[in-house]
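There are 2 protein chains.
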Amino acid sequence: MRIRLDIAYDGTGFRGWARQPSLRTVQGVLEAALHRIFGAYAPGADDAHAPAPRLVVAGRTDAGVHAAAQVAHLDLSPEQWARLANDRRAQRDGDPASGLARRMNGILRADEDVTVTASRTAPEGFDARFSAVWRRYEYRVADDITGYRPLDRFNTTPVRGALDVHAMDAAASTLIGLHDFAAYCRPREGATTIRTLLDYSWHRDDAGTLVAGVRADAFCHSMVRALVGACVAVGSGRLAPEEVAQLRDAGQRTSEFKVLAARGLTLMEVGYPADELLADRAAQTRGRRTLGDGAPAATT
Amino acid sequence: MRIRLDIAYDGTGFRGWARQPSLRTVQGVLEAALHRIFGAYAPGADDAHAPAPRLVVAGRTDAGVHAAAQVAHLDLSPEQWARLANDRRAQRDGDPASGLARRMNGILRADEDVTVTASRTAPEGFDARFSAVWRRYEYRVADDITGYRPLDRFNTTPVRGALDVHAMDAAASTLIGLHDFAAYCRPREGATTIRTLLDYSWHRDDAGTLVAGVRADAFCHSMVRALVGACVAVGSGRLAPEEVAQLRDAGQRTSEFKVLAARGLTLMEVGYPADELLADRAAQTRGRRTLGDGAPAATT
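These protein sequences, in sequence, are chains A and B.
For what it's worth, the working numbering labels the leading residue of the first sequence as 39, then goes sequentially.
For what it's worth, the working numbering labels the leading residue of the second sequence as 39, then goes sequentially.
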């Protein structure tokens with residue numbers, strides 16, 4: 039049985055998503071909670087030695103990157119599933135998986151920076167990583183016009199000077215489409231850097247903070263932060279708007295702009311197709327990745 | 039010469055606004071920065087022994103309460119003023135006071151939770167506390183419907199259960215007007231509890247968080263958090279909407295509702311009259327407070 043988890047976290051206190059020995063990571067904290075629920079349960083039961091469930095995630099975020107709506111899945115043995123099904127509130131909800139979020143959050147209470155916002159039985163064919171059709175990120179920048187806002191400091195990157203948001207937005211729009219983003223990716227042996235950038239725009243929110251919305255089928259490593267860095271260089275006049283697409287087409291990593299800090303970056307949403315298309319999409323993505331592409335489905 | 043400062047802070051790490059020996063407070067941190075700028079300057083100068091400027095504030099916030107737009111003023115001696123006037127960038131701005139925010143923020147850089155958003159020469163008759171005509175606060179509550187959002191945890195108070203925002207908003211509107219709010223104030227010897235509540239409403243924001251907007255000429259101690267607690271009791275069904283006005287009219291402190299935590303409370307805005315009315319307003323408020331009313335112009 040497969041369960042879908044929706045997860046939110048403040049990345050400040052984590053060394054990223056992926057489990058690492060002796061470092062505090064989101065996956066590590068969540069799997070430790072799963073271990074307390076499923077791992078050390080009912081000695082003598084059929085699956086007393088079944089391993090605790092592991093998580094497969096839609097967007098493997100780097101150290102310091104936040105998530106408003108991360109998605110992951112886990113698989114349970116029939117015996118583990120039966121334990122969830124015994125939960126009385128879950129029975130009332132009609133989905134035994136619905137109680138898992140509550141149980142995990144009970145254990146996570148001391149970890150105020152991560153929470154499971156929902157848990158449910160995954161539809162047939164669902165794979166958090168391979169079924170996803172797009173990931174949407176937001177990047178927040180405060181310049182001299184914005185003014186510094188202490189309450190938003192954990193998910194906003196401060197920059198000096200005043201940025202021209204119209205130039206930034208114009209530059210961003212020239213990057214949209216199916217392209218080789220090698221100039222905007224940290225290289226990875228044997229991994230393709232061809233991606234479809236679906237949306238990329240900049241605006242100021244009500245309080246004056248510069249907000250970038252970036253959506254793509256998938257991102258290669260540090261890609262969002264490079265795309266953001268290039269447009270900030272445009273906003274401050276160090277690059278002309280048309281240069282960001284020229285740099286992309288040159289296909290070489292460059293020092294014309296900086297890869298901005300993880301701090302301002304938040305995974306906002308993961309898109310999946312309609313339920314009946316989930317399995318097809320997963321098979322398709324998995325096939326594509328295997329054809330000489332070892333890239334993760336999405337990193338930051 | 040009088041200077042107006044606009045200030046923002048995350049109250050989590052402060053023991054409130056008011057200076058206290060050996061405790062970290064907003065006033066304490068800001069006055070220490072002023073001391074570094076004006077106090078230890080130019081030995082041998084005419085005002086080498088002039089005291090460092092002290093701050094007078096619009097809303098003395100309690101421990102843990104935040105501010106998006108606090109207002110304070112300070113007075114400078116002619117010699118202190120002359121030092122500001124020498125600042126080249128301030129001369130370009132046309133207001134010698136404009137550079138003070140920059141200088142203070144340079145010193146405050148390590149204090150990421152407080153910033154001076156603006157500094158300028160105060161108009162004739164301006165008094166941050168006594169010229170103010172209203173204060174506006176926001177209170178944020180996350181219930182089971184909202185879902186917990188780790189990135190907003192420092193300025194949102196979590197409550198269990200699902201709240202009825204329509205009932206809360208209906209109850210809030212019955213409290214508006216000129217009334218004795220003794221039932222909603224922590225008592226203070228010799229201080230009046232009569233206030234004009236100008237606005238009080240509840241809504242859910244885009245993300246589902248319950249947000250209260252509360253505006254009054256001034257607030258007595260813990261008044262916003264009591265008003266919020268009463269409406270949360272309505273939202274969870276423990277009080278009927280009509281009871282919140284009945285409790286107010288009974289004029290007695292009650293255990294029917296809880297005073298909610300400081301954590302969810304933020305001072306959003308301070309209202310001042312047009313420049314030509316500032317001095318009149320200050321004289322009027324000062325007179326009223328002196329007539330047997332020792333209450334501060336605004337606390338939380």
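We put the beta carbon where it would ideally sit given N, CA and C, even for glycine.
For this session: Give a yes or no on whether the minimum CB-CB distance between H100(A) and chain B is below 8 Å.
Result: Translated into the one-based positions of the first sequence, residue 100(A) becomes position 62. The question names His, yet the displayed sequence has Asp at residue 100(A). For D100(A), the closest Cβ of chain B is not nearer than 8 Å.
Exercise. Does the count of Cβ pairs from the segment 104-112 of chain A and the segment 134-151 of chain B closer than 8 Å reach three?
Worked result: The way I'd put it, the segment 104-112 of chain A doesn't touch the segment 134-151 of chain B; fewer than three beta-carbon pairs between them come closer than 8 Å.
Exercise. With 16 as the cutoff for other CB atoms within 10 Å, does D23(A) come out buried or exposed?
Worked result: This structure cannot speak to residue 23(A), because chain A is shown only from 39 to 338.
Exercise. Is there at least one Cβ from chain A nearer than 8 Å to V152(B)'s Cβ?
Worked result: Looking up residue 152(B) in the second sequence gives position 114. Taking Cβ atoms only, chain A reaches closer than 8 Å to V152(B), which makes this a yes.
Problem set entry | Helix, strand or coil at S211(A) according to DSSP, with G and I counted as helix | Translated into the one-based positions of the first sequence, residue 211(A) becomes position 173. DSSP places S211(A) in helix when its eight states are reduced to three.
Problem set entry | P279(B) versus V272(B) - alpha carbon distance | In the second sequence, counting from the first residue as 1, residue 279(B) sits at position 241. In the second sequence, counting from the first residue as 1, residue 272(B) sits at position 234. Each residue's Cα considered, the two are about 6 Å apart.
Exercise. Does any C-beta atom of chain A lie closer than 8 Å to the C-beta of A317(B)?
Worked result: As a position in the second sequence, residue 317(B) is number 279, starting the count at 1. At a cut-off of 8 Å between C-beta atoms, A317(B) does not count as an interface residue with respect to chain A.
Exercise. Chain B beta carbons: is any one of them nearer than 8 Å to that of A200(A)?
Worked result: Here residue 200(A) refers to the residue found at position 162 when the first sequence is read from its first residue. For A200(A), no CB of chain B lies under 8 Å from its own CB, so it is not counted at the interface with that chain.
Problem set entry | Beta-carbon proximity list for R158(A), same chain, < 8 Å, skipping 5 on both sides | Along the first sequence, one-based indexing puts residue 158(A) at 120. Correct list, in chain order: I41, R42, D133, A135 and S136.
Problem set entry | Nearest to E70(B) (by Cα), restricted to the options G51(B), L93(B) and R187(B) | The sequence position of residue 70(B) within the second sequence is 32, counting from 1. Reading off the sequence shown, one finds Ala at residue 70(B), where the question assumed Glu. Comparing Cα-Cα distances from A70(B) to each of G51(B), L93(B) and R187(B), the minimum goes to L93(B).
Problem set entry | Backbone CA spacing between A187(B) and L315(A) [nearest angstrom] | Locating residue 187(B) in the second sequence gives position 149, where the first residue counts as 1. Locating residue 315(A) in the first sequence gives position 277, where the first residue counts as 1. Position check: residue 187(B) holds Arg in this sequence, whereas Ala was assumed. Each residue's Cα considered, the two are about 31 Å apart.
Problem set entry | Helix, strand or coil at H217(A) according to DSSP, with G and I counted as helix | Reading the first sequence from its first residue, position 179 is the one you call residue 217(A). Residue state for H217(A) is assigned as strand, using DSSP reduced to three classes.
Exercise. Is it true that the segment 299-312 of chain A meets the segment 192-209 of chain A, where meeting means three or more beta-carbon pairs spaced less than 8 Å apart?
Worked result: Because the criterion of three Cβ pairs below 8 Å is met, the segment 299-312 of chain A and the segment 192-209 of chain A touch.
Problem set entry | Within 8 Å, strictly: CB atoms of R141(A) and I45(A) | In the first sequence, residue 141(A) corresponds to position 103, counting from 1. In the first sequence, residue 45(A) corresponds to position 7, counting from 1. Cβ distance not < 8 Å, so R141(A) and I45(A) don't count as in contact.
Exercise. Do A268(B) and V282(B) have their C-beta atoms within less than 8 Å of each other?
Worked result: Taking the first residue of the second sequence as 1, we reach residue 268(B) at position 230. Taking the first residue of the second sequence as 1, we reach residue 282(B) at position 244. The criterion of a C-beta distance shorter than 8 Å is satisfied by A268(B) and V282(B).
Exercise. Along chain B, in chain order, which residues have C-beta atoms closer than 9 Å to that of F192(A)?
Worked result: On the first sequence, position 154 is the one that residue 192(A) refers to. Per Cβ cutoff of 9 Å: L189 and F192.
For this session: Taking C-beta pairs closer than 8 Å, name the residues in chain B that D48(A) reaches, listed in chain order.
Result: The count along the first sequence starts at 1 and reaches residue 48(A) at position 10. Near D48(A) (Cβ distances below 8 Å), the residues of chain B are P188, L189 and R191.
Exercise. Given a threshold of 16 other Cβ atoms within 10 Å of its Cβ, counted over all protein chains shown, does A209(B) qualify as buried or as exposed?
Worked result: As a working note, residue 209(B) is residue 171 in the second sequence. Buried, by the Cβ-count rule.
Problem set entry | Same chain only: Cβ atoms within 6 Å of T323(A), ignoring 5 sequence neighbours per side | Translated into the one-based positions of the first sequence, residue 323(A) becomes position 285. Here the set comprises F168.
Exercise. From the beta carbon of G246(A), is the nearest beta carbon of chain B less than 8 Å away?
Worked result: As a first step, residue 246(A) is located in the first sequence; it is residue number 208 there, counting from the start. Not a single CB atom of chain B sits nearer than 8 Å to the CB of G246(A).
Exercise. For I75(B), which three-state DSSP category applies?
Worked result: For the purposes of this step, residue 75(B) is taken as the residue at position 37 of the second sequence. In this structure, I75(B) counts as helix in the three-state DSSP scheme.
Exercise. Is any beta-carbon of chain A found at less than 8 Å from that of G163(B)?
Worked result: The sequence position of residue 163(B) within the second sequence is 125, counting from 1. No - not a single Cβ of chain A is within 8 Å of the one on G163(B).
For this session: Consult DSSP for D165(B) and reduce its assignment to one of helix, strand or coil.
Result: Taking the first residue of the second sequence as position 1, residue 165(B) is located at position 127. Coil.
Problem set entry | Same chain, Cβ closer than 7 Å to A200(A), neighbours up to 5 away in sequence not counted | Taking the first residue of the first sequence as position 1, residue 200(A) is located at position 162. The residues are D181, D182 and I183.
Problem set entry | Coil, strand or helix - I172(A) by DSSP | As a first step, residue 172(A) is located in the first sequence; it is residue number 134 there, counting from the start. Note on residue identity: the sequence assigns Trp, not Ile, to residue 172(A). The DSSP-derived three-state label of W172(A) is strand.
Problem set entry | M39(B) in three-state terms, based on DSSP | Position 1 of the second sequence, counting from 1, holds the residue named residue 39(B). Here M39(B) sits in coil by DSSP.
For this session: List the whole-angstrom C-beta distance separating G163(B) from A320(B), where the pair is believed to meet the contact cut-off of C-beta under 8 Å.
Result: One-based indexing of the second sequence puts residue 163(B) at position 125. One-based indexing of the second sequence puts residue 320(B) at position 282. Contact flag correct, Cβ pair sits at about 6 Å.
Exercise. Does T155(B) have its Cβ less than 8 Å from a Cβ in chain A?
Worked result: Along the second sequence, read from residue 1 onward, the residue named residue 155(B) stands at position 117. It does: the Cβ of T155(B) has a partner Cβ on chain A nearer than 8 Å.
Problem set entry | Below-8 Å beta-carbon distance, H241(A) vs any chain B residue | Counted from its first residue, the first sequence places residue 241(A) at position 203. No, H241(A) does not count as interfacial toward chain B.
Exercise. Helix, strand or coil: which one does DSSP assign to H204(B)?
Worked result: Position 166 of the second sequence, counting from 1, holds the residue named residue 204(B). Three-state result, H204(B): helix.
Exercise. At a Cβ cut of 7 Å, what residues of the segment 120-138 of chain B count as close to chain A, listed as they run along the chain?
Worked result: Within the segment 120-138 of chain B, no residue has a Cβ lying closer than 7 Å to any Cβ of chain A.
Exercise. In this structure, what does DSSP give as the bridge partners for S157(A)?
Worked result: Residue numbering aside, residue 157(A) sits at position 119 when the first sequence is read from its first letter. Paired residues: L43(A).
For this session: Compare the C-alpha of A341(A) against each of M39(A), A105(A), H104(A) and A317(A) and name the closest.
Result: The shown model of chain A, from 39 to 338, leaves out residue 341(A), and the question about it has no answer.
For this session: Pull up the distance between the alpha-carbon of F52(A) and that of L61(A), whole angstroms please.
Result: Within the first sequence, numbered from 1, the residue matching residue 52(A) stands at position 14. Within the first sequence, numbered from 1, the residue matching residue 61(A) stands at position 23. Between the C-alpha atoms of F52(A) and L61(A) there is a straight-line separation of about 8 Å.
Exercise. Which same chain residues, not among the five before or five after G185(A), have their C-beta less than 7 Å away from its C-beta?
Worked result: Start at 1 with the first residue of the first sequence, and residue 185(A) comes out as number 147. Counting only Cβ-Cβ distances below 7 Å, and skipping sequence neighbours, we find G246.
Exercise. Using a C-beta cutoff of 8 Å, does G185(A) count as contacting chain B?
Worked result: Locating residue 185(A) in the first sequence gives position 147, where the first residue counts as 1. Interface flag for G185(A) against chain B is set, since a Cβ pair is found closer than 8 Å.
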